[in-house]
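Listed in order, the protein sequences are those of chains A and B. Residue 638 in my numbering sits at position 638 of the first sequence, and the numbers go up by one each step. Residue 1231 in my numbering sits at position 231 of the second sequence, and the numbers go up by one each step. Have a look at the structure below, then the notes.
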Amino acid sequence: MEKSGSIDSLGSKQSSSRQPSVDSLSSTSTSRSDRSSHAKPLSALSSDSVSTSTEFSPELRGRAKVDAKVLRDSNKLAQEEPQLLPKETVQETAKDITYICPFLGAIRGTVTVTNYRLFFKCTDRDPAFVLDLPLGVISRVEKIGGASSRGEVSYGLVCKDIRNLRFAHKQPEDSLKKSIFEVLMKYAFPVSNSMHLFAFEYGQIFPENGWKVYDALSEYKRQGIPNESWRITKVNDQYELCDTYPATLVVPVNIPDEELKRVAAFRAKGRIPVLSWIHPESQATVTRCSQPMVGVNGKRSKEDEKYLQAIMDANAQSHKLFIFDARPSVNAAANKASMKGGGYESEDAYQNAELVFLDIHNIHVMRESLRKLKEVVYPNIEESHWLSNLESTHWLEHIKLILAGALRIADKVESGKTSVVVHCSDGWDRTAQLTSLAMLMLDGHYRTIRGFQVLLEKEWLSFGHRFQLRIGHGDKNHTDADRSPVFVQFIDCVWQMTRQFPAAFEFNEYFLITILDHLYSCLFGTFLCNSEQQRVKDDLPKRTVSLWSYINSQVEDFMNPMYVNYSNHVLFPVVSMRHLELWVGYYIRWNPRMRPQEPLHQRYKELLAKRAELQKRVEELQREVTNRSVSSSSERAGSPTRSITPVQTFV
Amino acid sequence: MLSLGSAGGKSTKPSFVSYVTPEEINITDIDASRREKHPNLLPGEVVFCSASPILKSSQEDASQRGISGTLFCTNFRISFITDEVSSEEVAVLFKNKLYGENDIPLTFVDLIYAGYDEKKKLITRGQVKNKYPPKIIIHCKDLRVFQFSLTFAKEEEARKIFQGIVHHSLEPKSLKCIFAFSYCENTSSSPEIQRKQRTVMFNTAADWTEEMMRTKGNCKLVTDNENFGISQKLAQFFIVPSFVSEEDLPKCQGRGIPIWCWTHHSGCALFKTASLPLTEDDSESQALKSYMERMLNAVAQNHLYSVKTEELSETLPSIQDIQQSYNKFKQFFLIDGTTEFWLSDVKWFSSLENSGWLDIIRQCLHKSVEIVECLEKENTNVLIMEEEGSDLCCVISSLVQLMLDPYYRTLTGFQSLVQKEWVAGGHNFLDRCNHLHHKEKELQSPVFLLFLECVWQLLQQHGPAFQFTETYLTVLSDSVHVAVFSTFLFSSPFQRVTTMKAGSPQTQRGPLNFPTVWDWSLQFNCKAQDLFTNPLYSESPKQNKAMRRPFHAKHQRQLSLPNTTYKPSPKKGFFKEETENLKKMLRGKRISRWMQSTEFIQASTREFYESWSRRPLDYHGLILPCLDGPAIRLWMQRYLRWIPEVQIFGGGPVALLNKLADLLGEVQELRAQLDLQACHTDLTHQRAVSLPRTSARPTNAFPFASSRTWGLRPTIPTCLLQRLMITGNLANADDEVTEAFADVV
């Protein structure tokens, strides 16, 4: 690798990490694509990932640095084609397309559609304007109106990442010739067109295999499982007990596999209570499941009651069990009468259990809330009514309820030393949000970069959050009611926590944004499919690349320079609206006015680099000193033979 | 069955809840020796009355536990001395030497309530009779809330202390009764102490001349007002455009005279003035008009025959609007209890918006950006004016200078700016802060606080451009109300000078020598003062040489900016006719942008901001604030520091500060090692910056409220079940729509 790494790349890369700013992307993409030509295979990808999060190359700050490179590589930049990834092929190119930018106005340029991305470039402007987005973020393509008087047709691209793009071009003279945007539809929605997602083509090799990040057994071992109260069962090895659960499950020791099956019959979709996390000292546990199938008649299940008793008994510190039902009580009650006959645990049936409703709304309410939020933030923000507009979306209120729920769970486990059972209806949306956030508060391991990956792999992916359905990868059916930003909401909650505890997380904001970008990009296999079973069936670890392969291969980009390892600290965030704020760096990142001038992390990083440099120097000197004292111990002290250039610090 | 939200909160709180009702507290137990406890009196401080035992129920303790002690009322403060043996003499890092955490300087008192069982009643002056309420609730200007229970004190004492407190903190008084007078009579002044890093006071002709030279201005100094012969509103020394004639100066009691604020490197300058009086008399108004014409002409001739006037009261809120808005706004932070806190949390954003405070901040910043644009891009002289010329004029002129001139973003530079624009600029601190509790409430308005708010917005957007921190600003905002310093005490330079000259009537010792607020050692020790400087300040490499040099270099680039062409549009406003005349007069010469339609200005300002933000960031050049909705934020440190519910344990900005301090320490240590290695000596470990390494985790209230009485349990919202009232099909639907369908089929 280039030696320049530390400082030089600092400027360009780091700026994107704090909040992707204008500069970040173009500086990164230019400098990186520049490097890619003579070095690593990595670079093409990284330039890509950055450009997903950034749109405006022209307004770039710190241009001077990049300019040099631009000059050197002027030939390459003049090209109108993107730097292609392995197996990425150009499908179609069209000139004279107008991109109607809500911030800069109409820009004329060339559109290239590949099997992975849409690439728009305008070379007339100085510096060139580039728009580079993975097709996966496109939710819908619509033709807007008929041909205008000037003979132009216009297309709107609604994106999953809080932006809409609008293009226009001349009506093709040959009426049979398809518009490039019609072509785009085919590649943007491969699933609807019986094609493979690009993730299955992309064959980038990374130094590290991200599919190996999570291993259920070693994660449970880290937690001290199995122990005298909890055992690992292989009853779901073939996904027969529950097809949305992972193969490896942790259950109370004294419940045999046979009984688990009877408990499964009483829980929606067979999602029985299983252990997510155990407190290293008090042995209080976080367990998760789906709703009990109580129904209108208040059905009971002896096995289920016994099972919850066993969970309680596994923790000697408390004679109580808290059941957190994520739903509003009204909805939980309504579930009883529903076709499925769900409901909630009655405290008569479950002795010593206390049921608490957390009032978190369902996926449809969340989808609607995010839709409203998009209206408020994109493309323009109404200045004087910003706060009441924001309030009317309820987005932050939902965030508050989710965080408050997780906080109560963490508090019961940590301060109350009591075990908790968490469920919603099916236990794969709100439940995943709550258990993973509570675990993030309780266990510092999950606040590291690798620990967080484990957390996602475990609580979200292996326990069957239905990513395919909630995101709709490659599916043109944008009105699908199963789509919902549940995972985005979770990442938002994590971001809120990083705001409140700026030194407690090993990762930075760019890490979270990168995860969200690749949630949609379909470049990696990580967020494909709905369950572990499907992933195994589709052989994803063999056929696709994991997002963690990419991230862990250049992990320094995602590090929080201010991280202090408080591994044994429990974090209790404040869930008051006073401390919650809209994640501008994600939701409003397309607005060039909302970009920060310079990320503060930049300065922290400079400081870290300075420290490293000094450290090295001191070591060198020390070595020199020892060498010298060995060679001639009589040499007089205080006569430096070599002049040492003073190090300039800005401190 | 259902555990409601509240169950998790209070009732299970261990050890912090005292189940003892106040009645059960053994009063006789308080021994006599403790009653003689005394506050550590400042020089010149006298105790008026005291009462004990008084029970203080603190805001920081959600449980209603009280602390018993003695309440004193002195000529400086209301002071509560606890009986409890202070077992934990926690080394408070940020201890104020003048007043402690249980002290309320009389000038801090905002409102006093009489507390009865369930309700509270606002106490207004003059209504205090012989009765006294069981509880007294004090809201302070620094947003602390105190509750003292008088029930257990002797009746006589309780009545006296109640009346004393109400009298001394609410009744109108004369200036001489302000504590600063008795304080400075009893202290020996040491005025030369802080001369090394000097804050320019702008009370001598030399200060002004120097400032004009620093900015390369070409205006002239006026010394005729040394004995306030021209105006009692204006400073003893001030600077006007060179073309203002000597005869014109005394004409209108100082009104209409363009007072120089600052010169841009292009040569154009910023001036401010008090508006001319309106008159019915024709001939008089004719005279005023021609007078104003001459003044405008003088301003225009300062640079390239261009001038833009800006009547601030036309576009910005009045000082009464500001006061009203702030009154609404501050209520959100004077919170009486947990229940109230969580109730108000639900509508937090819309409440904030309804107060209008953030919008006023935005407007001030916006106006300042407009003026910066005139100076920076159009190189036009600007004259800002308003009724008195010393309220919003001060806000805007100081903000403009902060954005344009990096010198003012240093600590001493900022203090000099406050001296220049606010103190010498004649801001009526006395009435705006209502130090004397006058009845005319309409004079009261937190204009200076509004300025600090705007500065905070700039600071949080461009941290490394400022040498000082938000802690500094918060402390400064408190210090305005500490009646020890002369800085914020007077209504005008005239009052300041005459009062100080008159000296003390009792001792005849000659001129009084009040301390200034800039002598921070009076309030904080060195360690605490360290928190005023920003460790991430990007120091200018050339700062020690010419202050102006980097500025010039930058200027080249800025000139190459594409100038937008603008067409003069029909103007409106106060100076319509004057400008018309001037236009005629200056025909053929360059006339710059006059009053424009607001949309035009908005669009143009937006463009100005965008073209600025495209340029490389230079912390030592122009900085502009982003004004879009989410960019204007709440000054959390100032407003939330006393509220226990919002304290993040182990979190908040202090977590970064700690890490940063460690890093800086390490870097410096390594440097030291390097130096030492070079000369073969032993290493000594010296930490440069060190914050206290206490076991207690600091909270985001750092460095203000101490967290020792707060529990380590999280605050669970109690009013969560003020449920989100979302109804309708979506809310009632189940998560699995398609599944449900499948089941039907």
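For every residue, glycine included, the Cβ atom is placed at its ideal position computed from N, Cα and C. All values reported here derive from a predicted model rather than from experimental measurement.
Check	Outcome
Chain-ordered chain B contacts of Met577(A) [CB-CB under 8 Å]	Asp1345, Val1346, Trp1348 and Phe1349
Secondary structure of Leu1622(B), DSSP reduced to three states	coil
7 Å Cβ cutoff, Asp411(A) in contact with chain B	yes
Cross-strand partners of Val1139(B) (DSSP beta bridge)	Checking the displayed sequence, the identity of residue 1139(B) turns out to be His instead of Val. In DSSP, His1139(B) forms a bridge with Leu1111(B) and Val1145(B).
Nearest residue (CA-CA) to Arg1198(B), options Leu1660(B), Arg1294(B) and Val1517(B)	Val1517(B)
Cβ neighbour criterion (16 or more within 10 Å) applied to Asn991(B)	Within the shown structure, residues of chain B are numbered from 1001 to 1745, placing residue 991(B) beyond reach of any answer.
Under 9 Å by beta carbon: chain B residues contacting Arg163(A)	Ordered by position in chain B, no residue passes the 9 Å Cβ test against Arg163(A), which lies about 16 Å from the chain.
Residue range of the alpha helix (DSSP H) that includes Trp1357(B)	Trp1357 to Glu1376
Collapsed DSSP secondary structure at Met1213(B) in the structure displayed	helix
Option in Pro127(A), Lys476(A) and Tyr187(A) with minimal Cα separation from Glu92(A)	Tyr187(A)
Coarse secondary structure for Asn1732(B), derived from DSSP in three states	helix
Cutoff 7 Å: Ala404(A) Cβ touching any chain B Cβ	yes
6 Å Cβ shell around Ile1078(B) - same chain, five flanking residues per side excluded	Ile1104 and Ile1165
Buried versus exposed call for Arg1638(B) [16 or more other C-beta atoms within 10 Å across all chains shown]	buried
Pro1630(B) beta carbon less than 7 Å from that of Leu582(A)	yes
Interface flag, Leu442(A) vs chain B, CB-CB below 7 Å	no
Sequence-distant residues of its chain with Cβ nearer than 8 Å to His279(A) (five each side left out)	Thr285, Val413, Glu414, Lys417 and Leu442
Cβ-Cβ distance between Asp304(A) and Val330(A) below 7 Å	no
Under 8 Å by beta carbon: chain A residues contacting Val1480(B)	Per Cβ cutoff of 8 Å: no residues; Val1480(B) is ~24 Å from chain A at best.
Length of the line joining the Cα atoms of Glu1440(B) and Ile1112(B)	18 Å
Residue from Pro1616(B), Val1667(B) and Cys1626(B) with nearest C-alpha to Ala652(A)	Because residue 652(A) is not part of the residues shown, which for chain A are 1 to 651, the question remains open.
Residues within the region 217 to 247 of chain A neighbouring chain B, beta-carbon criterion of under 8 Å	none
Residue(s) in a DSSP beta bridge with Cys1073(B)	Cys1049(B) and Ile1078(B)
Candidates Ala1672(B), Ala1731(B), Gly1665(B) and Leu1657(B), of which the one nearest Thr1699(B) by Cα	Leu1657(B)
Asn115(A) versus Glu88(A): straight-line alpha-carbon distance, rounded	6 Å
Among Leu1098(B), Gln1147(B) and Arg1125(B), nearest to Asp1117(B) - alpha-carbon criterion	Gln1147(B)
Three-pair Cβ contact test at 8 Å for the region 1427 to 1439 of chain B versus the region 1295 to 1305 of chain B	no
Delimiting residues of the beta strand (DSSP E) encompassing Phe167(A)	Arg163 to Lys170
Cα-Cα separation, Gly1463(B) to Gly1652(B)	16 Å
Backbone secondary structure at Phe119(A) - three-state DSSP	strand
Secondary structure of Pro1635(B), DSSP reduced to three states	The sequence shown places Trp at residue 1635(B), rather than the Pro named in the question. Note: Trp1635(B) maps to coil in three-state DSSP.
Cβ shell of Lys372(A) (< 6 Å), same chain only, five flanking positions each side left out	Thr393
Reference Tyr1619(B); option with closest CA among Phe1076(B), Gln1495(B) and Leu1402(B)	Leu1402(B)
Partner residues on chain B for Lys610(A), Cβ-Cβ distance less than 7 Å	Val1667
Pick from Asp1478(B), Leu1055(B), Val1244(B) and Leu1071(B) that is closest to Arg1641(B), judged by C-alpha positions	Asp1478(B)
Which of helix, strand or coil DSSP assigns to Tyr604(A)	helix
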